[in-house]
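For the record, in the sequence shown the residue sitting at position 322 is 322 according to full-length UniProt numbering, with numbers rising by one throughout.
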Amino acid sequence: MTGPGFSRPLSFPWHLPLALALALPFLVLFVRGLPHFPSTGRDLDVILFSLVLAGLGTLLTLFLALTLAVLGLAGRVVGGCEALLLLGYLVPPFVTGMGLLFSLGALGVRIQGVPGILLAWTLHYAPLAYLRLKPQVGLALGLLATARVHGATGIRSLKAFLPPLFPPLLVAGGTLYLALLGNFGVPAVLGLPERVYVLPTLAYARLLSPVAQDPLGEAAALGLWLALLALPAVLLARSALLEAREPLLPPPKPLYRLLFALYALTALALVLLGLLREALQNPYTGRWDPAFTQALGLPPVQKGLRNSLLLALGATGLLLLLALALRPFPRLLKGIRGVLDIHYLLPGTLLGVSLILLLA
Numbered sequence: 001m002t003g004p005g006f007s008r009p010l011s012f013p014w015h016l017p018l019a020l021a022l023a024l025p026f027l028v029l030f031v032r033g034l035p036h037f038p039s040t041g042r043d044l045d046v047i048l049f050s051l052v053l054a055g056l057g058t059l060l061t062l063f064l065a066l067t068l069a070v071l072g073l074a075g076r077v078v079g080g081c082e083a084l085l086l087l088g089y090l091v092p093p094f095v096t097g098m099g100l101l102f103s104l105g106a107l108g109v110r111i112q113g114v115p116g117i118l119l120a121w122t123l124h125y126a127p128l129a130y131l132r133l134k135p136q137v138g139l140a141l142g143l144l145a146t147a148r149v150h151g152a153t154g155i156r157s158l159k160a161f162l163p164p165l166f167p168p169l170l171v172a173g174g175t176l177y178l179a180l181l182g183n184f185g186v187p188a189v190l191g192l193p194e195r196v197y198v199l200p201t202l203a204y205a206r207l208l209s210p211v212a213q214d215p216l217g218e219a220a221a222l223g224l225w226l227a228l229l230a231l232p233a234v235l236l237a238r239s240a241l242l243e244a245r246e247p248l249l250p251p252p253k254p255l256y257r258l259l260f261a262l263y264a265l266t267a268l269a270l271v272l273l274g275l276l277r278e279a280l281q282n283p284y285t286g287r288w289d290p291a292f293t294q295a296l297g298l299p300p301v302q303k304g305l306r307n308s309l310l311l312a313l314g315a316t317g318l319l320l321l322l323a324l325a326l327r328p329f330p331r332l333l334k335g336i337r338g339v340l341d342i343h344y345l346l347p348g349t350l351l352g353v354s355l356i357l358l359l360a
């Protein structure tokens, strides 16, 4: 049956109730946290500190990623070197923090507090920003080479190089800012020993506080602040980028390839060597004493490994089934895409608090 003036059948907009169901955790967070929102004025210092720290970490990571993209493209880095760089991103962030703590601690360098958090964030998230920036950096380098061929130098050549980079820098910066703002592991490992709190660690502390009158409500109020601080970056991170064509680059420079490889090796070594040293060497005697057998024999470790494996496999299977179920309904998938993107882009701490409230 068709309505007057319509050329296609009328159908119920199923994407609306489905999108509402996906947004339900955040609605519960809003309802539960709003009454406690005025009391978060006492946490204004942590809120502002989280904003500044995430912003500073974003700038440092973008600078490093932009440098790596220039080195990688100018040196024609492919294959093994890139895989080595990306391997560091596959390590969970809190493991990066622990690795840096052990590696630099063995050299007598204390990195707890703000410097350590910024260092861990920069090393861990630079590969992600590198992937986001590399295509557009290649286009910008091609324009720069063309401008120099036509006699442009100095500021005139920079005018050809910089404008194409602004949109991808904003998008990559928004993605990084969201990741840093909601990151719990690195501030917990490197910040809490120095009593350095950010919004995710403070929300977790309030959630477990034995003196709080309404722990869930107070954590939800901090979650609202997290959502407010994340909202502008969500809009940036969802901006579409044009796909860059194959750039016209100058001849490869082996020195740049070497610098890229040295950085990738150094960053990975800073994380892994400290972990290996702690796992293989007895901290009291200094002798070779691998701790893997003892650790695997502990019931909590066995339970943790089993739970991690089951949760990872279960979540992967559910996501694959959901993707296959939605594949025949492209219009439905398009209708709920915005809510799915928000789930992915918003800090994980916010979603965790929302689900605790919903299931409680």
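Cβ coordinates follow ideal geometry from the N, Cα and C atoms, glycine included.
Counting the other CB atoms within 10 Å of its CB gives SER39 a total below 16, which places it among the exposed residues. Each of MET98, PHE30, GLY182 and PRO299 was checked against the Cα of LEU190, and the nearest Cα belongs to MET98. Non-local beta-carbon contacts of LEU85 in its own chain, meaning distances under 6 Å to residues more than five positions away in sequence, involve PRO127 and ALA264 in chain order. Excluding its 5 nearest sequence neighbours in each direction, LEU162 has C-beta neighbours in its own chain below 8 Å: ALA140, listed in chain order.
Listed in chain order, the non-local C-beta contacts of ARG76 below 6 Å within the same chain comprise PRO252, local neighbours out to five positions each way being set aside. Proximity to LEU275 across LEU29, THR96 and LEU235 peaks at THR96, based on C-alpha coordinates.
DSSP places GLN213 outside both helix and strand once states are collapsed to three, so it counts as coil. Cβ atoms of LEU68 and TYR125 stay farther apart than 8 Å, at about 12 Å.
Setting aside the 5 residues that flank it on each side, ASP214 is surrounded in the same chain by HIS36, each with a C-beta closer than 8 Å to its C-beta; the list follows chain order. At a cut-off of 4 residues, the continuous stretches assigned as alpha helix (DSSP H) that sit fully inside the stretch 34–114 are 44–74, 80–90 and 93–106.
Between the alpha carbons of LEU255 and ILE111 lies a gap of roughly 31 Å. For ALA54, the closest alpha carbon among the candidates LEU208, GLY223, GLY173 and LEU181 is that of LEU181.
In chain order, THR40, LEU199, TRP225 and LEU229 place their CB closer than 8 Å to the CB of ILE47, counting only its own chain and leaving out the 5 sequence neighbours on each side. Bounds of the alpha helix (DSSP H) holding ALA295 are 292–296. By the neighbour-count criterion, in which a residue is buried when 16 or more other Cβ atoms sit within 10 angstroms of its Cβ, ARG331 is exposed. Between LEU60 and LEU18, the beta carbon gap of about 39 Å keeps them out of contact (Cβ cut-off 8 Å). In this model, PRO328 and LEU322 are separated by some 11 Å (Cα to Cα). In this structure, the alpha-carbon of LEU358 lies about 39 Å from that of LEU268.
With fewer than 16 other CB atoms across the displayed protein chains lying within 10 angstroms of its CB, ARG287 is exposed.
Contact check for VAL353 against ALA220 passes: the beta carbons are separated by less than 8 Å.
Comparing C-alpha distances from ALA65 to each of PRO300, VAL171 and LEU131 shows the shortest one belongs to LEU131. TRP288 has GLN281 as its beta-bridge partners, per DSSP. In this structure, the alpha-carbon of SER103 lies about 46 Å from that of ALA21. In the DSSP assignment, ASN307 falls within the unbroken alpha helix (DSSP H) covering 299–326.
Nearest Cα to VAL234 within the set GLY174, LEU273, GLN281 and VAL186: GLY174. With a cutoff of 8 Å on beta-carbon distance, LEU133 and PRO168 are scored as near each other. Across the set LEU123, ALA312 and GLY33, the C-alpha of LEU123 shows the shortest separation from the C-alpha of LEU270. Taking GLY217 as the centre and dropping the five residues before and after it, the same chain places the C-beta of ARG32 and HIS36 closer than 6 Å to its C-beta, in chain order.
By the criterion of a C-beta distance shorter than 7 Å, VAL28 is surrounded in its chain by SER354, LEU357 and LEU358, once the five residues flanking it on both sides are discounted.
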